[in-house]
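All remarks here apply to the structure that follows.
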Amino acid sequence: MLACLRPVAALLVSSFSVHALADESAGGARVSAAVQWSTAMSREDIQLGRIDADHDDGYLYRLPYADDATFPIIQGYRAKLSHRGAEQFTLDFGMPVGTPVHAAREGIVALVEDSHDAGCALAECGRFANFVVVLHADGTTGEYFHLERGSAQVRVGERVGRGQWLARSGNTGFSTAPHLHFGVYRTGPDRTTESLAVRFQTRRGAIVNPRSGAYYLNASD
Numbered sequence: 224m225l226a227c228l229r230p231v232a233a234l235l236v237s238s239f240s241v242h243a244l245a246d247e248s249a250g251g252a253r254v255s256a257a258v259q260w261s262t263a264m265s266r267e268d269i270q271l272g273r274i275d276a277d278h279d280d281g282y283l284y285r286l287p288y289a290d291d292a293t294f295p296i297i298q299g300y301r302a303k304l305s306h307r308g309a310e311q312f313t314l315d316f317g318m319p320v321g322t323p324v325h326a327a328r329e330g331i332v333a334l335v336e337d338s339h340d341a342g343c344a345l346a347e348c349g350r351f352a353n354f355v356v357v358l359h360a361d362g363t364t365g366e367y368f369h370l371e372r373g374s375a376q377v378r379v380g381e382r383v384g385r386g387q388w389l390a391r392s393g394n395t396g397f398s399t400a401p402h403l404h405f406g407v408y409r410t411g412p413d414r415t416t417e418s419l420a421v422r423f424q425t426r427r428g429a430i431v432n433p434r435s436g437a438y439y440l441n442a443s444d
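Just so we're aligned, residue 224 is where the sequence shown starts under my numbering, counting upward by one.
Take a look at the structure:
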């Protein structure tokens, strides 16, 4: 994220149980014991995905935007500003507010928050981030942050396809400029999350290490 850690209101009911959102036919993704979500919480308050999931390293992700669009990578893997530690394998795409955000991989929507309209360069603003979290078949999660208020196009429990429109990018939460933060995460044995290095299918071929400052176009699926 850029200096960050990680009617639409109806898309996120004031509280709901995130227990058993996915079943074996959906890839066996698991969540923690029933936890109630509210808009006063942050993403870090909820454990999602399979513990120590075995990521499908052969999967080629698409870029989280439309086929004919391209946006600069503001922070790539291990970027010094904020992509360190648990966030070291995440990406920030410089996107104007309102840009459609698309699913990089198919899965089941596990969390949606898009009720916030605040953002600032202080860590205290982190709890105001809007986001969509998608559970993947291998138990990892794809997470899309800093979304525009009221822009979510999907609901919790919905199956989404690769490339499906999820929401619009914004500038909410702990953020210094409009952008999309995207990462694939796994929950470790100690119940903390870590980001995973993943590969992207682009018109240049498979990209293993997306570079800060680079522009990439999606390959035709």
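Every residue, glycine too, gets a C-beta built ideally from N, C-alpha and C. Computed from a predicted model, the values in this text were never measured in an experiment.
Would you mind sorting residue i into buried or exposed? The rule is 16 or more other CB atoms within 10 Å of its CB.
i	result
T415	exposed
N441	buried
D275	exposed
E347	exposed
A352	buried
V401	For clarity, residue 401 is Pro in the given sequence; the question names Val instead. Buried, by the Cβ-count rule.
Near residue i, which residues of its chain fall below 6 Å by C-beta distance, leaving aside the five closest residues on each side in sequence?
i	result
D279	D361
A437	I296
D290	N441
G393	V320, H369, L370 and E371
V421	Y284 and V407
DSSP three-state label for residue i, please.
i	result
A442	coil
D268	helix
T399	coil
R426	coil
E381	coil
Mind checking which residues open and close the beta strand (DSSP E) that includes residue i?
i	result
F354	F354 to L358
L403	L403 to T410
T363	Element bounds for T363: n/a, residue is neither H nor E.
S392	Where S392 is concerned, there is no enclosing beta strand (DSSP E), given that its DSSP letter is neither H nor E.
S418	T416 to S418
Can you list, in chain order, the residues of its chain with a C-beta nearer than 8 Å to that of residue i? Leave out the 5 residues immediately preceding and following it.
i	result
D246	Note that D246 scores a pLDDT of 38, beneath 50, so its modelled location is shaky and nothing firm can be said.
What does a CB cutoff of less than 7 Å around residue i pick up in its chain, not counting 5 residues either side in sequence?
i	result
G386	R285, H325, A326 and D444
In chain order, which continuous runs of the beta strand (DSSP E) of length 3 or greater are located wholly inside the region 271-353?
296-298, 314-316, 323-325 and 330-336
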